[in-house]
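**Q**
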Amino acid sequence: MTDPADLTLVEAADAVLKRKLSSLELLDACFANIERANQNLNATIWLDYEGGRKSARKADEAVEKGDKLGRLHGVPLAHKDMFYRKGKPCTCGSRIRKDFVPELTATVLARMDAAGAYSFGGLNMAEFALNTTGHNREFGDCHNPWNSLYIPGGSSSGSGAAVAARMTYAALGSDTGGSIRLPAAACGVTGIKPTQTRVSRAGVMPLSFSGDNVGPLARTARDCARILSVIAGYDRLDPTTSTEKVPDYEAALDGEVGGLKIGVPTKYFLDNADRPVVLAFEEAIRVLAKRGATVKCVALPQLDAILAYSSIMSRVEVAAIHAQWMRNRPQDYAPHISSWLYTGYAVPASYHVEALSRRGPILTEFAKEVFGLVDVVATPTIPTCVPTLTETDVDIGPPGVEAKVATIHANTAVFNYLGLPSASVNCGFDTNGLPIGLSFTGRPFAEASVLNVADAYQRETDWHTRRPSRPRAGSTDTESDPAQNGEIAQQNGEE
Numbered sequence: 000m001t002d003p004a005d006l007t008l009v010e011a012a013d014a015v016l017k018r019k020l021s022s023l024e025l026l027d028a029c030f031a032n033i034e035r036a037n038q039n040l041n042a043t044i045w046l047d048y049e050g051g052r053k054s055a056r057k058a059d060e061a062v063e064k065g066d067k068l069g070r071l072h073g074v075p076l077a078h079k080d081m082f083y084r085k086g087k088p089c090t091c092g093s094r095i096r097k098d099f100v101p102e103l104t105a106t107v108l109a110r111m112d113a114a115g116a117y118s119f120g121g122l123n124m125a126e127f128a129l130n131t132t133g134h135n136r137e138f139g140d141c142h143n144p145w146n147s148l149y150i151p152g153g154s155s156s157g158s159g160a161a162v163a164a165r166m167t168y169a170a171l172g173s174d175t176g177g178s179i180r181l182p183a184a185a186c187g188v189t190g191i192k193p194t195q196t197r198v199s200r201a202g203v204m205p206l207s208f209s210g211d212n213v214g215p216l217a218r219t220a221r222d223c224a225r226i227l228s229v230i231a232g233y234d235r236l237d238p239t240t241s242t243e244k245v246p247d248y249e250a251a252l253d254g255e256v257g258g259l260k261i262g263v264p265t266k267y268f269l270d271n272a273d274r275p276v277v278l279a280f281e282e283a284i285r286v287l288a289k290r291g292a293t294v295k296c297v298a299l300p301q302l303d304a305i306l307a308y309s310s311i312m313s314r315v316e317v318a319a320i321h322a323q324w325m326r327n328r329p330q331d332y333a334p335h336i337s338s339w340l341y342t343g344y345a346v347p348a349s350y351h352v353e354a355l356s357r358r359g360p361i362l363t364e365f366a367k368e369v370f371g372l373v374d375v376v377a378t379p380t381i382p383t384c385v386p387t388l389t390e391t392d393v394d395i396g397p398p399g400v401e402a403k404v405a406t407i408h409a410n411t412a413v414f415n416y417l418g419l420p421s422a423s424v425n426c427g428f429d430t431n432g433l434p435i436g437l438s439f440t441g442r443p444f445a446e447a448s449v450l451n452v453a454d455a456y457q458r459e460t461d462w463h464t465r466r467p468s469r470p471r472a473g474s475t476d477t478e479s480d481p482a483q484n485g486e487i488a489q490q491n492g493e494e
C-alpha cells in the first residue's frame, strides 16, 4: 500500500481537496515516519502531535462543510525552528533561546496558515543558522537520511532531512550563504532561495540584515512553486520586501526549455569539484540540451570581489546581531561559533560600507555580462561529495576541517551576495550513495524561470522521486538501518 507520506505536497493537497485522503491521515503518515526514523536522524527539536491533530480535524471539517479551501489546505508541515509562532517554542537551535516563546507569528507562517496548511513542529538546525553541516551542540547533530554518518547540510539541516525522510511534505528554511540549497542538495530534495526582498522576513530570527532569505524545501519544483506563490509578496511588517507583483509560479510551469539559454561558468564552480559531481553535472546539462535548451559557457565577473565582500558583510552583520548576547553570555555559544563571531568585531566599518556600496554596481555588471547572454546559470550546488559529520566537526578539529567546511558553501554564497534567485535539485548520487545537487540561478525576480527549468529537468529524470530506505521503528543499530548503507529506494518501490 502506498504510504500517504510519499505523496508530494501538491499531490497531498489535491488528495485532501478531492476527499481521497483526510488531513489526519496525512499527519499520521508523517508521524509514523518520524517514529521510524527520527531516532537516527534527529531532524526535529520539538513536536506538537496533539496540536497537529486538532488542526487536522479542523481542516477535515472544512472539507466536509464545503468551505472555500486554500492551495495548501490540510497539509501538515514542520519548519526550521527559527520562524516565530505565537505561543510556540522557537529555539533557533541554540542554548540562548532554548526557552524563548514568541508573542507574534512570522508573516510567512501566517500566509501558509491562510492557505490552509498547519504546523506540527520545529525542525533541527545549526545553532543560530551558523554552520553548513548540521552539527548542533545543544540539541544534537542532525544526520543525513541517506546515510546517518554524513552531514545533511545546513543550516536548515532538519528541513532537508525531514523532507527527504517523509516526515513532512515541505519545510521552510532560511538562506544567507546557501542554507536552503545545501541541505536540499545533501538530502536529495528541492529548495529555492528567492530573490532578496521577494519574501518577508518579519518574525524570523535574523542572521544577516543584508543577506537573509526565506524559502521552501520540498520534493519537487512544483511543490516549491506552490509554496512560493503563497508566501511571496510585499509585507508592511518588513518594509524591505519588494512591491513587485507576485506571479503564480506553479501555473507558469510548462516544462519547456526550448530556446532557453543555460550558462555554464568557465571557471571556479567546477575547478575543484569531485569527479562524481562533475559527471552528474555534465549529464544533467546534456539532459537539458536534449530537451531543447542551448548551453553556453559564460565567464562570471568579479568573483574574487564577490567572495570577499560576501564574507565581510556576513561577519559584520552577524556579529552586530549577536553583540549583546556575546557580551553577556559568550559561554552559551558553541566554541566555533563564538570564535567566528569575534572575527566580525575586528572588521573595520569602512570594509562593511564598501561591501554594501559595491553590491549594486557588481550586480549591474553581472546582469549585463551574464544575463545579457543567458537566461539561467547552472552550477553544482556543492562542489564535493557530501562529507561525514566527523570530518566536518570543527570543535573536534580534524586536520583541514576548516577548509573542508568552507568548500561546502563555496558555490552558493556568490549568489547570496548578488541577491539572485537560485534553486537546487537532485541530479544523481555519488559512490557513497549520497545525493548530488544541481543549481539553477536567474536574474532578479526570475523565480518563474528558475523553477521552470528545475521542473523541466524533473520531468525528464527521476532523481527527485527517490527516497532513503526506511529504518524499522525504534531501530538504532547500523545493520538494521538501511539509511546507513546508502541504499537508494525509488518512491513506492518498497513493499
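Numbering (numbering that gives the first Met the number 0), first residue to last: 0 to 494. Heads up, the beta-carbon is just placed ideally off N, CA and C, and yes, glycines get one too.
#1: Express the C-alpha separation of Arg326 and Ala4 in angstroms, rounding to a whole number.
#2: Run the proximity test for Thr175: is its beta-carbon closer than 7 Å to any non-hydrogen atom belonging to the ligand ADP?
#3: Classify Asp140: buried if its beta carbon has 16 or more other beta carbons within 10 angstroms, exposed otherwise.
#4: With 16 other CB atoms within 10 Å as the buried threshold, where does Gln195 fall?
#5: Have a look at Ala279, Asp392, Tyr332, Ile361 and flag the residue whose alpha-carbon is nearest the alpha-carbon of Ala307.
#6: Can you check which of these residues, Asp392, Glu459, Glu249, Ala377, is closest to Pro264 by C-alpha distance?
#7: Assuming the contact rule is C-beta atoms closer than 8 Å, Thr131 and Gly177 should be a hit. Round their C-beta distance to whole Å, please.
#8: Candidates Thr389, Trp462, Asp429, Ala453: which alpha carbon is nearest Ala272's?
#9: Quick one: measure Cβ to Cβ for Asp174 and Asn415, integer angstroms, because I've assumed they're closer than 8 Å.
#10: Can you tell me whether Gln323 is buried or exposed, with buried defined as 16 or more other CB within 10 angstroms of its CB?
#11: Buried or exposed: where does Pro193 fall if 16 or more other Cβ atoms within 10 Å of its Cβ makes it buried?
#12: Rounded to a whole number of angstroms, what is the C-alpha to C-alpha distance between Val15 and Leu71?
#13: Do the stretch 71-87 and the stretch 113-131 touch if we need at least three Cβ pairs shorter than 8 Å?
#14: Is DSSP giving Leu501 helix, strand or coil here?
#15: Within the continuous beta strand (DSSP E) that includes Pro275, where are the two ends?
#16: Which residue from Ser338, Gly262, Ser209, Ala292 puts its Cα closest to that of His311?
#17: State whether the stretch 214-223 contacts the stretch 452-460, with contact taken as three or more CB pairs (one from each stretch) at a distance under 8 Å.
#18: Of the residues Asp303, Phe127, Tyr233, which one's Cα is nearest the Cα of Arg136?
#19: If you drop the 5 nearest sequence neighbours on each side, which residues of the same chain put their C-beta closer than 8 Å to that of Arg328?
#20: How about Gly133 and Ser158: do their beta carbons lie closer than 8 Å?
#21: Closer than 8 Å is the cut-off here; do at least three beta carbon pairs connect the stretch 284-298 with the stretch 365-379?
#22: In this structure, does DSSP put Asp211 in helix, strand or coil?
#23: When DSSP labels each residue in this structure, what does Ala322 get in the three-state scheme?
#24: Assign Gln330 to one of two classes, buried (16 or more other C-beta atoms within 10 Å of its C-beta) or exposed (fewer than that).
#25: Just the C-alpha distance for Val400 and Val393, rounded to the nearest angstrom, thanks.
#26: From Asn491 to Leu108, what distance separates their C-alpha atoms?
#27: Using a threshold of 8 Å, state whether the C-beta atoms of Ala183 and Ser423 are closer than that.
#28: Specify the secondary structure class of Gly177 as computed by DSSP and reduced to three states.
#29: Identify the continuous alpha helix (DSSP H) that holds Arg52 and give its terminal residues.
#30: Any idea what DSSP makes of Phe444, helix, strand or coil?
#31: Is it right to say Asp247 is buried, meaning 16 or more other beta carbons lie within 10 angstroms of its own, or is it exposed?
#32: For Phe370, name the three-state secondary structure that DSSP assigns.
#33: Using the rule of at least 16 other Cβ atoms within 10 Å of the residue's Cβ for burial, across every protein chain shown, is Val203 buried or exposed?
#34: Using a Cβ-Cβ cut-off of 8 Å, state whether Ala170 counts as contacting chain D.
#35: Between which two residues does the beta strand (DSSP E) carrying Phe119 extend?
#36: Assign Trp462 to one of three DSSP states: helix, strand, or coil.
**A** To lay it out plainly:
#1: So the two alpha carbons sit approximately 45 Å from each other.
#2: Ligands are entirely absent from the displayed structure, and the ligand ADP is therefore not among its contents.
#3: Within 10 angstroms of the beta-carbon of Asp140 lie 16 or more other beta-carbons, which makes it buried.
#4: Its Cβ being crowded by 16 or more others within 10 Å, Gln195 is buried.
#5: Looking only at Ala279, Asp392, Tyr332, Ile361, the smallest Cα-Cα distance to Ala307 is reached by Ile361.
#6: Ranking the options by Cα distance to Pro264, first place goes to Ala377.
#7: The pair is a contact, with the Cβ atoms about 6 Å apart (cut-off 8 Å).
#8: Of the candidates Thr389, Trp462, Asp429, Ala453, the one whose C-alpha sits nearest the C-alpha of Ala272 is Asp429.
#9: Cβ atoms of Asp174 and Asn415 come within 8 Å of each other, at about 7 Å.
#10: By the beta-carbon neighbour count (other beta carbons within 10 angstroms, threshold 16), Gln323 is exposed.
#11: Pro193 is classed as buried because its beta carbon has at least 16 other beta carbons within 10 Å across all chains shown.
#12: Spanning the two alpha carbons is a distance of roughly 9 Å.
#13: Flag = yes, the stretch 71-87 and the stretch 113-131 touch.
#14: The displayed coordinates of the chain run from 0 to 494. Any statement about residue 501 would go beyond what the structure contains.
#15: First-last for Pro275: 274-289, but that is the alpha helix (DSSP H), not the beta strand (DSSP E).
#16: Checking the sequence, you will find Ile at residue 311 rather than His. Looking at the Cα atoms, Ser209 is the closest of the given residues.
#17: Three or more beta-carbon pairs separated by less than 8 Å link the stretch 214-223 to the stretch 452-460, which places the two stretches in contact.
#18: The alpha carbon of Arg136 has as its nearest neighbour, out of Asp303, Phe127, Tyr233, the alpha carbon of Phe127.
#19: Result list for Arg328: Ile95, in chain order.
#20: Not in contact: Gly133 and Ser158 (Cβ atoms no closer than 8 Å).
#21: Yes, the stretch 284-298 is in contact with the stretch 365-379.
#22: For Asp211, the three-state secondary structure derived from DSSP is coil.
#23: Ala322: helix per DSSP, three-state reduction.
#24: That one is exposed.
#25: Distance between the alpha carbons of Val400 and Val393: 6 Å.
#26: Bear in mind that the predicted position of Asn491 carries a pLDDT of just 35, short of 50, making it too unreliable to give a figure here.
#27: In this structure, Ser423 lies closer than 8 Å to Ala183 by Cβ.
#28: When DSSP states are grouped into helix, strand and coil, Gly177 belongs to the coil group.
#29: Under the DSSP assignment, Arg52 falls in the alpha helix (DSSP H) whose first and last residues are 48-64.
#30: If DSSP states are grouped into helix, strand and coil, Phe444 belongs with coil.
#31: In summary, Asp247 is exposed, with fewer than 16 beta-carbon neighbours lying within 10 Å of its beta-carbon over all protein chains present.
#32: Assigned with DSSP and collapsed to three states, Phe370 falls in coil, not helix or strand.
#33: Val203 comes out buried.
#34: No chain D is present in this structure, which holds just one protein chain.
#35: It spans 117-122 - the beta strand (DSSP E) in which Phe119 sits, taken as one unbroken run.
#36: Three-state DSSP puts Trp462 in a helix.
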